[in-house]
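Enquirer: Chains R and S, in that order, give the protein sequences.
So the first sequence is residues 1 to 422, counted in UniProt numbering.
So the second sequence is residues 1 to 422, counted in UniProt numbering.
Backbone N, C-alpha and C fix where the C-beta goes; we use that ideal spot for every residue, glycine too.
These numbers come from a predicted model, not from an experiment.
There are 2 protein chains.
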Amino acid sequence: MSLIVQKFGGSSVADAESIKRVAKRVVETHKAGNEVVVVVSAMGDTTDELLDLAAAVSPLPPEPREMDMLLSSGERISMSLLAMAIKNLGVDSRSYTGLQAGMRTDKHYGSARIVDVNPVRVRQALDDGLIVIVAGFQGFNDETEDITTLGRGGSDTTAVALAAALNAEVCEIYTDVDGIFTSDPRVVPLARKIDTITSEEMLELAANGAKVLYIRAVEYARRHGVTLHVRSSFNNNEGTLVLNPKEGEQMEQPIVTGVAIDLTEAKITVVGVPDIPGKAAQIFKIIASTEANVDIIVQNVSAAATGLTDISFTLPQDEAPQVISALLERKDDVGFESLQHDDQIGKLVLVGAGMKANTGVSARLFEALHLASINIEMISTSEIRISVITRADNVKEAARVVHAAFDLDSVEEAVVHGGTGR
Amino acid sequence: MSLIVQKFGGSSVADAESIKRVAKRVVETHKAGNEVVVVVSAMGDTTDELLDLAAAVSPLPPEPREMDMLLSSGERISMSLLAMAIKNLGVDSRSYTGLQAGMRTDKHYGSARIVDVNPVRVRQALDDGLIVIVAGFQGFNDETEDITTLGRGGSDTTAVALAAALNAEVCEIYTDVDGIFTSDPRVVPLARKIDTITSEEMLELAANGAKVLYIRAVEYARRHGVTLHVRSSFNNNEGTLVLNPKEGEQMEQPIVTGVAIDLTEAKITVVGVPDIPGKAAQIFKIIASTEANVDIIVQNVSAAATGLTDISFTLPQDEAPQVISALLERKDDVGFESLQHDDQIGKLVLVGAGMKANTGVSARLFEALHLASINIEMISTSEIRISVITRADNVKEAARVVHAAFDLDSVEEAVVHGGTGR
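1. For R:Val-115, count neighbouring C-beta atoms within 10 Å of its own C-beta (all shown protein chains included) and say buried if the count is 16 or more, exposed if not.
2. Under a Cβ-count criterion, where at least 16 other Cβ atoms within 10 Å of its own Cβ denotes burial, should S:Pro-119 be classed as buried or exposed?
3. Quick one: which chain S residues come within Cβ less than 8 Å of R:Arg-76?
4. What in chain R is Cβ-close to S:Ile-19, meaning under 7 Å?
5. Round the Cβ separation of R:Val-38 and R:Val-26 to the nearest angstrom and send it over; I've been treating them as touching at under 8 Å.
6. Of the choices S:Leu-70, S:Arg-231, S:His-341, whose alpha-carbon is the least far from that of S:Asp-318?
7. How long is the line joining the alpha carbons of R:Met-43 and R:Thr-198, rounded to whole angstroms?
8. Quick one: measure Cβ to Cβ for R:Val-395 and R:Glu-201, integer angstroms, because I've assumed they're closer than 8 Å.
9. Count the CB pairs spanning the stretch 214 to 230 of chain S and the stretch 148 to 166 of chain S that are closer than 8 Å, and state whether there are at least three.
10. Using a Cβ-Cβ cut-off of 6 Å (strictly less than) and excluding sequence neighbours within five positions of S:Asp-92, which residues of its own chain qualify?
11. Kindly indicate which three-state DSSP category R:Ala-168 falls into: helix, strand or coil?
12. Counting only the same chain and skipping the five closest in sequence on each side, list residues whose C-beta sits under 6 Å from that of S:Pro-274.
13. Secondary structure at R:Glu-329, three-state DSSP: helix, strand or coil?
14. Counting only Cβ pairs nearer than 7 Å, list the residues of chain R close to S:Glu-66.
15. What in chain R is Cβ-close to S:Leu-60, meaning under 7 Å?
16. By the criterion of Cβ-Cβ separation under 7 Å, what are the contact partners of R:Gln-100 in chain S?
17. What in chain R is Cβ-close to S:Ala-372, meaning under 7 Å?
18. Does DSSP put R:Phe-313 in a helix, a strand or coil?
19. What separation, rounded to the nearest whole angstrom, lies between the Cα atoms of S:Glu-265 and S:Lys-347?
20. Counting only beta-carbon separations shorter than 7 Å, does R:Ala-16 have a partner in chain S?
21. I need the straight-line Cα distance from S:Gly-419 to S:Ala-210, nearest angstrom please.
22. Residues in the same chain with beta-carbon distance under 7 Å from R:Leu-203, minus the five sequence neighbours each way, listed in chain order, please.
23. Count the C-beta pairs between the stretch 223 to 231 of chain R and the stretch 175 to 189 of chain R that are closer than 8 Å, then say yes if the count reaches three, no if not.
24. For the stretch 191 to 212 of chain R, which residues have a CB atom closer than 8 Å to at least one CB atom of chain S, in sequence order?
25. For the stretch 49 to 123 of chain S, which segments carrying the beta strand (DSSP E) assignment without a break, of at least 3 residues, lie completely within its bounds, in sequence order?
26. Closer than 9 Å by beta-carbon distance: list the chain S residues that pair up with R:Ala-363, in chain order.
27. Return the CA-CA distance between S:Gly-421 and R:Leu-51, expressed in angstroms with no decimal places.
28. Could you confirm whether any beta carbon from chain R is found closer than 7 Å to the beta carbon of S:Leu-53?
29. Under 8 Å by Cβ, that's how I've got S:Leu-365 and S:Ile-384 pegged, so tell me the actual separation to the nearest angstrom.
30. Taking only three categories from DSSP, how would you classify R:Met-1?
31. Taking CB distances under 7 Å as the criterion, tell me whether S:Gln-6 reaches chain R.
32. Under the rule that 16 or more other beta-carbon atoms within 10 Å means buried, what is R:Ile-311, buried or exposed?
33. Check whether the Cβ of R:Glu-291 lies closer than 7 Å to any Cβ atom in chain S.
34. Consider the Cβ of S:Glu-63: report whether some Cβ of chain R lies at a distance smaller than 7 Å.
35. Specify, as a first and last residue, the run of the alpha helix (DSSP H) that R:Leu-145 falls within.
36. At the level of alpha carbons, what is the spacing between R:Tyr-109 and R:Val-36?
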């Protein structure tokens, strides 16, 4: 008998009809002879409605403890309704809150991290032949004895953590698309579904704008060797398997797995930095003090005549203002001349574990962009990723030409759906 | 410093504006130098909406455990929103679920009884100077480790149980009327607000149709000596104090405190029962097996010629069918001739601790009904209560004439509001 964890997001349990459809799917998996643990998010709009109510009673930033108490009510509703819908199909199930499922977290309300999973009641209920339903997105801290929530993508993390703790065969993430795509189908119409991908590659894609899986869940899956299966809740097609090949194990796969783009970054250039040891360290120490997430860094070659250099880096657009003011505050200290800020950049990221063993990937990438007359402003590479910065209005075209250049194009256009958050 | 428990029902926290009004009231009580524990129900329509969802996912009677999980989410929403609204007024508070407030119950999902209240966290938070908010209507069972709900009027019971455990000075029950009335103002327009009433009298009124307080909460308050104050959440008027005078202690009060009517009962008459010892016992054993709640019982004097008698009793209308079929099943055994069923009866109940020391109350009651040409079909009396059964369409008129006959009439008509459930 296999143990399967199935996670359904908010759009999959948006109303009574959707819940009944999920119940049917869960019961089918159970009847096929599997042990089934279902992780659910709050119903469709519940979270937004609760946030609206919170804003209506108090315009002040809410107390995180009370916000978690408020938001964690959403999964209690969806999970108990799912239990009823399953019972309606003649099968017994039991729903458990994060607390009851043993989902222990630290005490960071709103974005708690799982520190331990001890699913005693879940295991017992499975042994009793029941389908088990667990509230996603929530846990508890045993020092404060309070409810916590896990933040964006928290239900994915709940599912993966339970799969790891219960040694599940697979953790199925149900969504409204057919799986992970080689690129965003809204940008690259010929993007195609990926059948298998390594968790390492998936991490890069998730970190660079692929919204189907959340990076924390993928990290957790990778660390604990959990196999993920991202698939559609609207059909029975195979989706994308996210695997964890062992060190040295070869997976048959293309050089490049996917092409992601990101239009949410800005570039800051520190102009006229004295080219002496320790200056870069000083600058990035100042930036780190703002807790900004710097992505790509490029330092120009020093102009020997002046003894000055420029340092450019990218970061999320909304973090730019505080970094700029932190740097300006220490301008005389550091001794730079000026700052330039540019939020009209786009980032293209090429991901593929196959790059490790293939030379010439960068050359093929640059050639493709050159043929399309797209200028590259910054470059950054790792073992399985190449990122380039272009003008913002070039990046979608860049994605299409690169997608084609690496033979990722499908023969037909993908069908585009929306996406969810929790 | 006094400790005050304040309970607000669903209509008092129906929307963001109502919650802000409750927050203001709670903060005022806190600023006046009191320790305040607030018990809240789910917001206005939440419970009905959740029940509708449950019915939509499964027409089967829902599993009680999952129903309790579902319904208990309602108070988590209202209590965390109230905490935010209180914070918005600059005061710190903390909200606790039934589990966190130490509300231990038996394991009867849907109508659990409180077995122990151990409000350690509540006491600690009060000691820290915080306002405490507790979810009404819910508790937990530590054998099953599950959430339970307390059934109708459960939030009142939560408030009273907390008041008892914390040794509160008073438990204020906020509602949409000004207090307990001498009769239902919709029936008796001259009904007036009662200033003080004993818990004994309140029990009789609650058991006989006064919907403002629930009988379980009054019983709990009486057993634990908790003073209740039933008052309006829309003004600052004094409401009705429900007191627990010590044995022999005299309260200055009228003979009769209130007049209740009830149109939800039916009368069953067992015709032609052999008038031999043990027959009545046999009949009521059969009735008891259906768990029906028999109210008034009258046995006619036996007609010596036939050796047969009739036994009549009243019970809630919806319990009549199963009682009738249980009796018919054993017809030959018991040896009665036939059954008569009558759901066109009304019950009038006169309540007053002053009756104990006053003779002639029954005579005055019967005289008033006689003058109004209202026929009495059954009578039942206790130390502080007289119940009479009349035709259903006479009972409202009966209430008005009796209300006047015992000098309960106010000089002006009461203002009528609606009522709530949880």
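Expert: On the basis of the data shown:
1. Walking along the first sequence from the start, residue 115 of chain R turns up at place 115. R:Val-115 comes out exposed.
2. On the second sequence, position 119 is the one that residue 119 of chain S refers to. Its Cβ being crowded by 16 or more others within 10 Å, S:Pro-119 is buried.
3. Here residue 76 of chain R is taken as the residue at index 76 of the first sequence, counted from 1. Within chain S, the residues near R:Arg-76 are Met-69, Leu-70, Ser-72, Ser-73, Arg-76.
4. Start at 1 with the first residue of the second sequence, and residue 19 of chain S comes out as number 19. Within 7 Å Cβ-Cβ: Val-57.
5. As a first step, residue 38 of chain R is located in the first sequence; it is residue number 38 there, counting from the start. As a first step, residue 26 of chain R is located in the first sequence; it is residue number 26 there, counting from the start. 5 Å between Cβ atoms; contact.
6. Looking up residue 318 of chain S in the second sequence gives position 318. Of the candidates S:Leu-70, S:Arg-231, S:His-341, the one whose C-alpha sits nearest the C-alpha of S:Asp-318 is S:His-341.
7. Taking the first sequence and counting its residues from 1, the one referred to as residue 43 of chain R is at position 43. Taking the first sequence and counting its residues from 1, the one referred to as residue 198 of chain R is at position 198. Looking at the two C-alpha atoms, the distance is approximately 31 Å.
8. Locating residue 395 of chain R in the first sequence gives position 395, where the first residue counts as 1. Locating residue 201 of chain R in the first sequence gives position 201, where the first residue counts as 1. At roughly 20 Å, the Cβ-Cβ gap does not stay under 8 Å, so R:Val-395 and R:Glu-201 are not in contact.
9. yes
10. Taking the second sequence and counting its residues from 1, the one referred to as residue 92 of chain S is at position 92. Once the five neighbours on either side are set aside, the close Cβ partners of S:Asp-92 are Leu-130.
11. Counted from its first residue, the first sequence places residue 168 of chain R at position 168. Correct three-state label for R:Ala-168: coil.
12. Mapped onto the second sequence, residue 274 of chain S falls at position 274. Taken in chain order, the residues that qualify are Gly-335.
13. For the purposes of this step, residue 329 of chain R is taken as residue 329 along the first sequence, with counting starting at 1. Helix at R:Glu-329.
14. Locating residue 66 of chain S in the second sequence gives position 66, counting from the first residue. Here the neighbours are Ser-80, Ala-83, Met-84, Ser-95.
15. In the second sequence, the residue the question calls residue 60 of chain S occupies position 60. Within 7 Å Cβ-Cβ: Lys-87, Asn-88.
16. For the purposes of this step, residue 100 of chain R is taken as residue 100 along the first sequence, with counting starting at 1. Under the 7 Å cutoff, chain S gives Glu-145.
17. Taking the second sequence and counting its residues from 1, one reaches residue 372 of chain S at position 372. Within chain R, no residue comes near S:Ala-372; the closest Cβ sits about 52 Å away, beyond 7 Å.
18. Your numbering for residue 313 of chain R matches position 313 in the first sequence. Strand.
19. One-based indexing of the second sequence puts residue 265 of chain S at position 265. One-based indexing of the second sequence puts residue 347 of chain S at position 347. Distance between the alpha carbons of S:Glu-265 and S:Lys-347 is about 8 Å.
20. Mapped onto the first sequence, residue 16 of chain R falls at position 16. Judged by the 7 Å Cβ criterion, R:Ala-16 is in contact with chain S.
21. Stepping through the second sequence from its first residue, residue 419 of chain S is reached at position 419. Stepping through the second sequence from its first residue, residue 210 of chain S is reached at position 210. Since pLDDT at S:Gly-419 reaches only 45, below the 50 mark, its modelled position is unreliable, and no value is offered.
22. As a first step, residue 203 of chain R must be located in the first sequence, where it is residue number 203. Hits under 7 Å: Ile-215, Val-218, Glu-219, Arg-222.
23. yes
24. none
25. 93 to 96, 103 to 105, 114 to 117
26. The count along the first sequence starts at 1 and reaches residue 363 of chain R at position 363. Going along chain S, no residue has its Cβ under 9 Å from R:Ala-363, so there is no contact; the nearest lies around 57 Å.
27. By one-based count along the second sequence, residue 421 of chain S stands at place 421. By one-based count along the first sequence, residue 51 of chain R stands at place 51. Caution is warranted here: a pLDDT of 47 is assigned to S:Gly-421, below 50, making its placement in the model unreliable, and the coordinate value is therefore given only provisionally. Cα to Cα, the separation comes out at about 26 Å.
28. As a first step, residue 53 of chain S must be located in the second sequence, where it is residue number 53. Chain R, which has a Cβ nearer than 7 Å to the Cβ of S:Leu-53, makes this yes.
29. Taking the second sequence and counting its residues from 1, the one referred to as residue 365 of chain S is at position 365. Taking the second sequence and counting its residues from 1, the one referred to as residue 384 of chain S is at position 384. Contact flag wrong, Cβ pair sits at about 14 Å.
30. Residue numbering aside, residue 1 of chain R sits at position 1 when the first sequence is read from its first letter. Looking at R:Met-1 - three-state DSSP - the assignment turns out to be coil, as it is neither helix nor strand.
31. By 1-based counting over the second sequence, the position of residue 6 of chain S is 6. Answer no: the Cβ-Cβ gap between S:Gln-6 and chain R never drops below 7 Å.
32. In the first sequence, residue 311 of chain R corresponds to position 311, counting from 1. Buried: at least 16 other Cβ atoms inside 10 Å.
33. Within the first sequence, numbered from 1, the residue matching residue 291 of chain R stands at position 291. With 7 Å as the cut-off, R:Glu-291 does not count as an interface residue toward chain S.
34. Reading the second sequence from its first residue, position 63 is the one you call residue 63 of chain S. Yes, contact with chain R.
35. Taking the first sequence and counting its residues from 1, the one referred to as residue 145 of chain R is at position 145. The question names Leu, but residue 145 of chain R in the sequence shown is Glu. Element bounds for R:Glu-145: n/a, residue is neither H nor E.
36. By 1-based counting over the first sequence, the position of residue 109 of chain R is 109. By 1-based counting over the first sequence, the position of residue 36 of chain R is 36. Spanning the two alpha carbons is a distance of roughly 29 Å.
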